[in-house]
Structures are given as C-alpha cells and as structure tokens.
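Written below as structure tokens is the structure these notes are about.
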Amino acid sequence: MTEAEASETTKKKKQQQQQQQPQQHKCDGNGSNGSVAPEAPIEDVFDHTYREREGPKPASVIVWKNVLLMSVLHAGAAYGVFLVPSASPLTLLWSVLCFLISALGVTAGAHRLWSHRSYKASLPLRIFLGAANSMAFQNDIFEWARDHRVHHKYSETDADPHNAVRGFFFAHIGWLMVRKHPDVIEKGRKLELSDLLSDKVVMFQRKYYKPSVLLMCFFIPMSVPWYLWGESLWVAYFVPALLRYTLVLNATWLVNSAAHMWGNRPYDKTINPRENKFVTFSAIGEGYHNYHHTFPYDYATSEFGCKLNLTTCFIDSMCFLGLARDPKRVSKELVQARMQRTGDGSPRSG
C-alpha cells in the first residue's frame with residue numbers, strides 16, 4: 009500500500025468513527041443542529057460478554073409486604089375512578105397537571121437526564137425534575153438510574169431487573185413483588201455511578217426521599233384542590249393523589265412490559281424492544297423503544313422530534329429557555345445505515 013493510499017484509508021476510518029458517535033446539538037428549540045461529538049456513554053450499552061449462570065434458576069422469593077401494598081394501591085385507584093364524576097373540572101385539570109409533572113420527573117429526569125446523560129440541565133431544572141421525580145414515587149433517582157442502566161446493559165437476561173423474557177406480569181409489576189435476582193444485585197454494584205454520586209440534587213433527594221414523597225406525591229396533589237377551590241379531601245386524595253399516582257406507575261411499567269413484547273422493530277430486529285404507539289402516548293414519548301435500545305444516548309428517544317413525545321418537547325423548551333443544553337442526537341445517516349443493516353423492514357412509527 010502506498011503512503012497516499014494509507015493516508016486515504018486512515019481518513020475514511022476516522023470519518024466512519026465520527027459518524028458512529030452521537031452528536032451534541034446546540035439548543036435551538038428543536039435540537040436540530042450542532043455536531044460536537046461527546047464522550048461515549050458506557051454504562052447503558054448492552055454487554056455481549058455476559059453469560060447467565062448454568063443450572064436451575066434460583067426460586068423467586070415473594071415480598072408479601074409489596075404484594076399487599078400494590079394490591080391496596082390498585083384497589084384505591086379503582087375507587088378513585090369511581091369518584092372521578094364527583095370531582096370538579098378544576099380538580100380533574102389539576103390531576104392531569106400532576107400526572108404530567110410526575111411523568112416528566114421520570115422521563116425527562118430519572119430516565120433521559122440521569123440514566124443516559126443524554127442532555128445537560130441547569131441547577132433550577134434539576135431541582136424541578138428532582139421534585140417531580142418524588143411526585144412520581146418510583147424509587148429515588150439514584151436507584152432508578154442504577155437499575156435502568158443495568159436494564160440496558162443486561163437487557164432480557166437474568167441481570168435485567170424487569171426481564172421481559174419472564175413474561176408480561178413480571179416485567180410490568182411482578183419484579184417489584186419479589187427479591188431481585190442475584191445477578192441484578194451483583195451487576196448493579198459494579199456499575200460506574202460516580203456521576204450520580206457527585207450530583208447534589210440526586211444525593212439530596214436520596215437522603216430526604218421519604219419526606220419528599222409524602223410532600224410531593226400525596227400532600228400537595230391532595231391539599232391544593234381542597235384548599236384553593238374547596239374540593240372534598242376524600243375526592244382530592246383518591247383522584248389527583250392516588251389515582252394519578254397509579255396511572256403514572258402503570259404508564260412507566262408499560263415501557264418495561266408492553267414495549268418489549270408488541271410492536272415493530274425497524275431499527276434492530278435482533279432485540280425484543282418494540283415501537284409501541286400506545287405506550288408512546290401513555291408514557292409521554294417513551295414507547296419508541298426499539299429506537300431507544302438501539303440508540304440509548306439520543307435525548308429524543310426517536311427520530312420524530314415532538315411527535316407523540318411530550319418529553320422531547322419539554323427538553324427542547326428548556327433548551328430554548330437556556331435551562332438545558334447539549335442534547336445528544338443520532339445522525340440521520342447512522343439511523344438509516346442501522347435500519348438497513350439490522351432493521352426488520354417494517355414502517356417506522358413516525
């Protein structure tokens with residue numbers, strides 16, 4: 009090979025490497041420009057070297073306290089549905105607002121910001137998302153992000169906290185009713201989590217998680233309609249507090265269950281996560297799941313911007329206001345190349 013040919017080969021390799029890196033976009037309200045390659049995330053990329061242990065699986069140990077709490081919670085939510093006609097229009101609007109705030113605490117906060125580091129947020133935005141995450145009451149940010157990174161790194165193996173191979177019920181809610189598989193615990197302890205440990209908002213919320221949940225998840229949703237427009241405490245507790253909380257829980261759980269079972273796989277047919285529009289709508293943008301597991305570092309979790317993706321709209325708005333910056337994006341060329349290489353040929357969800 010001549011020196012000129014070697015130089016040309018090296019140049020092509022560099023171009024290919026640059027195309028495979030996520031892009032950091034300048035915030036312009038739609039996250040559509042900029043091309044600075046960030047550091048590559050490592051803890052949310054699937055580990056192909058993991059092997060499940062040989063021999064019989066360990067028996068599931070039921071946590072009866074959690075079974076009882078989940079049963080009581082859903083019974084209370086069902087009663088909340090019965091009370092919906094009794095609630096005032098303002099209370100219903102307040103319930104929707106609380107749903108959206110708490111959902112954003114999970115999707116824009118624990119998921120896209122803290123689990124995947126797919127964009128950067130200012131201190132005021134991180135405080136808001138931390139409070140919103142307490143309103144969602146789905147474990148503190150540190151624990152949620154740790155488990156989610158384990159989920160991506162060991163997806164649908166014994167080390168996956170909500171392994172969908174074990175069935176819909178387990179992936180949806182059953183995983184919270186049994187002790188974690190030993191591999192989930194072991195792999196979680198080995199993750200690099202220094203970014204979470206050094207985040208003061210994450211650590212503050214973790215330290216004061218229980219009182220923050222009582223305040224954000226139950227007291228504020230219940231007391232605002234009672235104090236401001238005279239809603240009965242009974243309705244205020246069961247509708248904007250309990251029913252709203254349960255709906256957010258199940259919207260999040262559908263990502264773990266339904267979006268791993270039903271839908272198309274236009275980006276990677278070798279993995280189980282799917283594109284599921286019902287989940288996308290329910291979880292304000294989290295149902296583009298085949299895309300997300302193929303490109304976990306993309307802040308939008310889809311190709312299609314704000315389409316059925318309120319979380320992406322929220323992040324774009326925060327960028328426009330100067331409260332967020334550097335959202336990571338996958339280039340269109342890389343998406344097309346990946347679809348041609350590993351996609352199932354089905355239409356995309358957009």
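Each step along the sequence shown adds one to the number in my numbering, with nothing skipped, and position 284 is 292. Heads up, the beta-carbon is just placed ideally off N, CA and C, and yes, glycines get one too. Here the structure is a predicted model, which means the values were calculated and not measured.
Report the residue from the options whose alpha carbon sits nearest the alpha carbon of residue i.
i    : options                   : result
G351 : G293, R282 and H160       : R282
M78  : N171, R349, L255 and L236 : L255
S127 : P304, R346, R349 and F177 : Per the sequence shown, residue 127 should be read as Tyr rather than Ser. The candidate whose alpha carbon is nearest that of Y127 is P304.
H170 : H268, T320 and L204       : H268
T57  : R125, S142 and T165       : T165
D207 : F178, R134 and L223       : R134
L137 : I228, L331, P335 and Q348 : L331
N272 : P93, A140, Q344 and N298  : N298
M230 : M211, N258, A244 and L223 : A244
P219 : R174, I292, F177 and S142 : S142
W72  : W183, L91, S96 and S110   : W183
L241 : S96, V209 and V210        : S96
F107 : S339, L318 and N147       : L318
Give me, in chain order, the residues of the same chain whose beta-carbon lies closer than 7 Å to that of residue i; leave out the 5 immediate sequence neighbours on both sides.
i    : result
V89  : L251
A431 : With the chain covering 9 to 358 only, the question about residue 431 has no answer from this structure.
H124 : P49, D52, P304 and Y305
Y162 : D55, Y58, D168 and K195
F176 : S265 and M269
Can you tell me whether residue i is helix, strand or coil according to DSSP?
i    : result
Y296 : strand
I279 : coil
R333 : strand
V71  : coil
V338 : coil
N272 : strand
V186 : strand
R197 : helix
A308 : coil
F328 : helix
F289 : helix
D155 : helix
D36  : Note that D36 scores a pLDDT of 41, beneath 50, so its modelled location is shaky and nothing firm can be said.
R59  : coil
Q344 : helix
K315 : coil
R349 : helix
H160 : helix
V256 : helix
Mark residue i as exposed unless 16 or more other C-beta atoms lie within 10 angstroms of its C-beta, in which case mark it buried.
i    : result
Y216 : exposed
D203 : exposed
P355 : exposed
T115 : buried
E341 : exposed
G117 : buried
Y307 : buried
Q344 : exposed
A83  : exposed
Please return the same chain residues whose Cβ sits closer than 8 Å to the Cβ of residue i, not counting the five positions on each side in sequence.
i    : result
V158 : A167, D168, P169, V192, K195, G196 and L199
T99  : P233, W237, E239, V243, A244, V247 and P248
D276 : N298, H301, T302, R346, T350 and G351
G113 : L137, G138, A139, A140, N141, S142, M143 and A144
V263 : V287, A291, E294, G295 and H297
Beta-carbon within less than 6 Å of residue i's beta-carbon, same chain only, minus the 5 sequence neighbours each way: which residues are those?
i    : result
F226 : A249
H189 : D166
A259 : S290 and A291
A129 : L121 and A332
F178 : none
Is the Cβ of residue i closer than 8 Å to any Cβ of chain B?
i   : result
A85 : Absent here is chain B; the protein component of the structure consists of one chain.
### Task
Just list the beta strand (DSSP E) runs in the region 76-139, keeping only unbroken ones of 3 residues or longer that don't cross its boundaries, in chain order.
For the beta strand (DSSP E) assignment, the region 76-139 encloses no uninterrupted run of at least 3 residues.
### Every unbroken alpha helix (DSSP H) within the region 191-251, with a cutoff of 4 residues, ordered by chain
You should have 202-205, 208-215, 217-221, 228-237 and 241-244.
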